[in-house]
Each structure stands twice: as C-alpha cells, then as structure tokens.
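Report on the following structure.
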Amino acid sequence: MATISRSNTVFALELLRTLSHENPSGNIFVSPLSISSAMAMVYLGAKGDTAAQMAQALAFSLDTDVHADFQRLNADINSPSASYILKLANRLYGENTANFLPVSTFLDATQKIYQADLRAVDFIGASETCRAEINSWVEEQTENKIKDLLKPGSVSSMTRLTLVNAIYFKGNWMNRFDEANTQEMPFKVNQNETRPVQMMYQMKKLPYNYIPDHGLQILELPYVDEELSMFILLPEVDTTVFSPGLKWL
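Right, here's the structure in full:
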C-alpha cells in the first residue's frame with residue numbers, strides 16, 4: 003500500500019496549501035483521507051479525460067490498481083484493535099427515481115471495494131428529509147461528534163447522487179497529559195504576534211527529528227501500544243518556511 007499512502011500524502015499536502023491560500027489567517031481542520039476516499043469512489047466510475055484529471059488531482063499512479071489499494075487500506079483501518087477505535091464508513095444516497103440498477107458494475111464495485119451501499123431516497127419530493135437522514139447517519143458513524151454536516155440547502159430536488167464519507171478515531175496517548183499541568187502560555191501566531199492560550203504540558207523524551215534544509219521540527223506523539231501516532235510539524239523560524247518544508251515531505 004506504499005503507493006496509495008504516498009498518493010494520499012501528496013494530495014493532503016496540496017489540499018493544505020490550497021486551503022491555506024484561500025484562508026491564510028484562519029485555522030484549518032480537515033481529513034484528507036475522507037476526501038480522497040470519497041473521490042476515489044467517483045474515480046471508480048470516471049472515464050477518459052475526467053478520469054485522467056481526477057488521477058492527477060488525487061496524485062493517483064496510473065501504474066497501480068488504486069481501488070485494490072484502497073480496499074486493503076479500508077480493511078486495515080476498520081480492523082478491530084484493543085488499543086484504539088478507528089473506522090472509515092462510506093455510503094451512497096441516490097434519488098429513488100434514478101436508474102441505479104442493482105446489477106450496475108459501479109454499484110457492485112463501490113460495495114465490494116469501499117463497503118458503500120446505495121440508499122435510495124426521495125431527493126425530488128423531500129430533500130430536507132434526505133438531508134436530515136444523511137446527517138443522522140454521519141452523526142451515528144462518528145459517535146455523535148459530527149452533527150449537521152449538511153447545512154440547509156446543500157441538497158435539493160435537483161440532487162441525484164450524494165457520496166458520503168465519515169471517519170472516526172478515538173485513542174489514548176501512550177504518555178498522557180496531566181490536566182493539572184495545563185496552563186496559559188503564549189502561542190506564536192507568526193513572527194510578530196503571540197496570543198495567550200491554554201496549553202497542555204509534559205516533560206518527556208519523545209521521538210523527534212529536525213530537517214535543517216527546511217527549518218522544520220517534527221515531533222511524534224504515540225498512542226497506546228504505538229500502533230498509531232500523531233505527528234506535529236513546526237517551522238523553526240516563521241510560517242513562510244512551512245511551505246517548502248511541506249513540498250519536501
């Protein structure tokens with residue numbers, strides 16, 4: 003799965019650059035895997051120039067079976083673990099009067115590869131009811147963490163097919179933060195501005211790396227059993243260093 007992992011990483015960094023450019027002063031919280039997984043289902047049914055453009059945008063290699071890689075990745079993500087909960091769920095919502103045949107190659111493939119079943123709904127006559135149903139499914143898949151994903155008006159009587167992806171993770175740090183050590187400290191927004199924020203704190207020897215060519219510090223925070231980790235990337239000097247650092251990664 004090295005190829006699809008690289009594709010997802012390249013797409014994630016390009017997505018971050020795009021979002022940062024559109025909102026340079028705001029915070030960004032996004033799951034690139036959710037987007038690439040959902041778009042891979044669209045790619046499954048794309049042909050010709052559309053497929054070529056999607057492959058380029060998603061950094062897919064034309065020399066590998068992207069969907070077989072995603073199938074293995076989804077199986078790994080959804081495999082049971084005693085130390086954390088991680089699951090990725092996909093579903094298709096299609097207008098019930100549209101011609102989505104049960105024997106459709108596309109629908110069979112989305113079910114087999116992405117475990118995405120087709121739910122027939124009435125977008126034409128009850129779009130708001132459909133929106134509520136989709137939001138309820140997302141809320142259920144994310145243990146009530148994501149509510150009202152689709153805002154009013156996001157689906158309408160013109161909607162024919164909606165692809166929905168939800169990802170949920172819950173784990174415990176291998177080195178837990180003591181709430182008593184949380185304190186207000188200055189957070190550096192940029193070279194010239196700091197803001198007081200509540201910061202968790204611990205003194206611990208952790209995996210760390212430094213890339214001198216890009217002035218980039220990388221810290222690993224492992225979860226219990228060290229199967230998964232959070233990586234924090236911090237530019238050494240200012241945020242302008244971060245962009246070439248991401249390009250290098």
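Sequential numbering of the sequence shown, starting at 3, is according to the numbering used here.
Note that the Cβ used here is the ideal one computed from N, Cα and C, for glycine as well.
- Item | One or two residues paired with L218 in a DSSP bridge | DSSP lists I213, P237 as partners of L218.
- Between the segment 72-87 and the segment 166-176, do three or more beta carbon pairs fall short of 8 Å? In short, these stretches touch, since the Cβ pair count reaches three.
- Item | Reference A91, options E97, T99, N101, L75, closest by Cα | Check the Cα spacing between A91 and each of E97, T99, N101, L75: the tightest is with L75.
- May I have the straight-line CA-CA distance separating M43 from E228, to the nearest angstrom? In a straight line, the C-alpha of M43 is about 31 Å away from that of E228.
- Reduced DSSP secondary structure (H/G/I, E/B, other) of K114: Three-state DSSP puts K114 in a helix.
- Task: Can you have a look at R133 and say buried or exposed, based on whether 16 or more other CB atoms are within 10 angstroms of its CB?
- Result: Per the 10 Å Cβ criterion, buried.
- Task: Could you tell me whether any non-hydrogen atom of the ligand ZN is closer than 7 Å to the CB of N76?
- Result: Questions concerning the ligand ZN fall outside what the structure shown contains, since it holds no ligand whatsoever.
- Message: DSSP three-state label for F171, please.
- Response: In this structure, F171 counts as strand in the three-state DSSP scheme.
- Item | Identity of the residues DSSP links to L46 by a beta bridge | Bridge pairing for L46: absent [DSSP].
- Per the contact definition of three or more C-beta pairs closer than 8 Å, is the segment 199-210 in contact with the segment 218-228? Contact check between the segment 218-228 and the segment 199-210: three or more CB pairs, one atom from each, fall below 8 Å, which counts as touching.
- For R93, which residues does DSSP report across the bridge? D119, V166, per the DSSP bridge assignment.
- Alpha carbon of L120 to alpha carbon of L46, nearest angstrom: If you take the alpha carbons of L120 and L46, they lie about 15 Å apart.
- Would you call A128 buried or exposed, if buried means 16 or more other Cβ atoms sit within 10 Å of its Cβ? With fewer than 16 other Cβ atoms within 10 Å, it is exposed.
- Query: Going by other Cβ atoms of all chains shown within 10 Å of its Cβ, with 16 needed for buried, is T20 buried or exposed?
  - Reply: Counting Cβ neighbours within 10 Å, T20 comes out exposed, since fewer than 16 surround it.
- Looking only at its own chain, which residues have a Cβ that is under 6 Å from the Cβ of V12, when we skip the five neighbours before and after it? Around V12: A61.
- Considering only the beta carbon of each residue, do N177 and Y203 sit closer than 8 Å? Cβ distance not < 8 Å, so N177 and Y203 don't count as in contact.
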